[in-house]
Structures are given as structure tokens and as C-alpha cells.
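Worksheet: the structure to be examined is printed underneath.
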Amino acid sequence: GAVVSQHPSWVICKSGTSVKIECRSLDFQATTMFWYRQFPKQSLMLMATSNEGSKATYEQGVEKDKFLINHASLTLSTLTVTSAHPEDSSFYICSAAEARGRSLSSYNEQFFGPGTRLTVL
Amino acid sequence: GQNIDQPTEMTATEGAIVQINCTYQTSGFNGLFWYQQHAGEAPTFLSYNVLDGLEEKGRFSSFLSRSKGYSYLLLKELQMKDSASYLCAVRDRDYGQNFVFGPGTRLSVLP
Chain A
1054 GAVVSQHPSW VICKSGTSVK IECRSLDFQA TTMFWYRQFP KQSLMLMATS
1104 NEGSKATYEQ GVEKDKFLIN HASLTLSTLT VTSAHPEDSS FYICSAAEAR
1154 GRSLSSYNEQ FFGPGTRLTV L
Chain B
9 GQNIDQPTEM TATEGAIVQI NCTYQTSGFN GLFWYQQHAG EAPTFLSYNV
59 LDGLEEKGRF SSFLSRSKGY SYLLLKELQM KDSASYLCAV RDRDYGQNFV
109 FGPGTRLSVL P
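Keeping their order, the protein sequence lines are chains A and B.
Just so we're aligned, residue 1054 is where the first sequence starts under my numbering, counting upward by one.
Just so we're aligned, residue 9 is where the second sequence starts under my numbering, counting upward by one.
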């Protein structure tokens, strides 16, 4: 159980185009999903926290107009990188927290998706 | 704010034991997690500590001392497949219960 998928797993795009990445919880309902970015040889950096049915909470320094997050259902969140540039090339990973309780304090772990490698030419 | 520190790289020999340390400073500590991440893959959950003491799970053990802001991950009977990055992450209730990840420790297991 607790499987999270991401699509696509790898994408190459031209500078200036937009790319949408999907994150799905396959066998559980995820009230909260998290989006991370990881540059080579660096750790995961949280970009935003996405709660189903409400606006995402962005970390300081992350442009909300550039990284559009939609969490329309309990099993799907999407991240759209708008007007992508080469510096946006990175490994994007989502994670989902199972809705076991009414607060996040009841969650013991996050379940990570396999990641999406974005290369912007 | 939060600050998490880990050694950048470690090397060990197959069959040996290795201890990876993690020190942290957070205002609202609410659990510490260890993840394993192979290159190009997503992190996989290894262990979770919220109370002081040792949690053992097969070849992996994790220890926590909240008063010292310190944790370690102990890997026994090292195998080549254990070569990976090991990420220490702290959940902070003053950070919306979000995880803050350390820089990760890249472990190389040599034959």
C-alpha cells in the first residue's frame, strides 16, 4: 500500500514552454501533498504544501505564479512549471501524507513519488 | 528557523558497520525521519523516531536524543547496495508540521 506515482518521469522541453507534472496517490487518500525540488548532489528543498480543495502554501523564495499547484482531489495534485527556463532544470519529487487523522500530527511519514526529471533546453 | 547538519560523504567496507550522524536545531521538534535515496530515485523511508532511544529494524537502527538535538542511523553488515545518500529529516510543528531535510550523507560501500 501507500504508493505514489508521478507522470511524466522524464521530460525535456524548450525554454519558454510550460510543463505539467502529475502526482497521484494510488491506494490511499492524501489530504496533503508536498512538492520538492532537488538539484544535483543537494538535498530536497520543499517548494510548497498542497491541501485538497484549497490554495497551496509556498515556501519563501518560490514564485507561486511560476510554479502553479492544483490539488483538485484527494488523489491528484499537479505542478505546472510555467515559462520554463534552463535554471528550472531539476528533479521534482512529490510526496503524499495519508489522511489518517484530522491533523498532520497524526501522520508518521510521507510517501514519495518516483520523481520527475525536468530538463529545459 | 531550522538547521540540520550531516556529514557530506562517508566511505565504509562491505560487511562493516557505519554510523551516520545528524544534528538539528528546531523550535518545534515533532519527529525525526531517516530516508535512503539512490541516485536519480525518490527517497525511501527507513525509520522514524519521536521519543529518545533506539529503534531497530533489521540491519538498520536509528537513535534519537532530543535534549542533545542528535540522531544517528546505524547500518550493520553493509552491502554494496547500501551505497546511497541518507537523508535526515525533522518534522517541525512550528513549520506547519512540514519536513525539513538535512543536506544528506553520500555513503560509498567498497568491496
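Beta carbons are placed, not taken as given, at the ideal position from N, Cα and C, and that holds for glycine.
This structure is a prediction, so every number in the text was calculated from the model and none was measured.
| Item | Value |
| --- | --- |
| With a cut-off of 8 Å on the beta carbons, I'd call B/Thr-16 and B/Arg-114 a contact; round off their distance for me. | 7 Å |
| Looking only at its own chain, which residues have a Cβ that is under 6 Å from the Cβ of B/Lys-84, when we skip the five neighbours before and after it? | Ile-25, Arg-67 |
| Three or more C-beta pairs under 8 Å: does that hold for the region 68–78 of chain B against the region 27–43 of chain B? | yes |
| Could you say which of A/Val-1056, A/Cys-1066, A/His-1060 lies nearest to A/His-1138 if we only look at CA atoms? | A/Cys-1066 |
| Spell out the partners DSSP gives B/Arg-108 in its beta bridges. | In the sequence as presented, Arg is not what sits at residue 108 of chain B; that position holds Val. According to DSSP, which records beta bridges pairwise, B/Val-108 is partnered with B/Val-98. |
| Applying a beta-carbon distance threshold of less than 8 Å, which residues of chain A neighbour B/Leu-95? | Ser-1096, Leu-1097 |
| Taking DSSP as the reference, what is the three-state secondary structure of B/Lys-89? | helix |
| In or out: A/Gly-1168 buried (at least 16 other Cβ within 10 Å) or exposed? | buried |
| In angstroms with no decimal places, state the Cα-to-Cα distance between B/Asn-106 and B/Val-98. | 8 Å |
| Using a Cβ-Cβ distance under 8 Å, would B/Gly-77 count as near chain A? | no |
| In or out: A/His-1124 buried (at least 16 other Cβ within 10 Å) or exposed? | buried |
| Any idea if B/Val-108 is buried or exposed, counting beta-carbon neighbours within 10 angstroms, 16 or more meaning buried? | buried |
| Can you round the beta-carbon distance between B/Gln-45 and B/Leu-95 to whole angstroms, since I take them to be within the 8 Å contact cut? | 6 Å |
| Check the Cβ-Cβ distances between B/Glu-49 and every residue of chain A, and say whether any is below 8 Å. | yes |
| Given that A/Gln-1163 touches chain B, what residues does it touch there, using C-beta distances under 7 Å? | Phe-107 |
| Only counting runs of 3 or more residues, tell me where the beta strand (DSSP E) segments fall wholly within the region 1080–1160 of chain A, in order along the chain. | 1083–1091, 1098–1104, 1120–1126, 1129–1134, 1143–1151 |
| According to the neighbour-count rule (16 or more other Cβ atoms, all chains shown, within 10 Å of its Cβ), is B/Asn-11 buried or exposed? | exposed |
| If the cut is a Cβ gap below 8 Å, which residues of chain A does B/Gly-36 touch? | Here the premise fails: no neighbours, minimum Cβ distance about 11 Å. |
| Any beta carbon of chain B sitting closer than 8 Å to that of A/Gly-1069? | no |
| Kindly list, in the order they appear in chain B, the residues whose Cβ is closer than 8 Å to that of A/Pro-1167. | Glu-49, Ala-50 |
| Taking the C-alpha atoms as reference points, what is the distance between B/Thr-52 and A/Lys-1094? | 17 Å |
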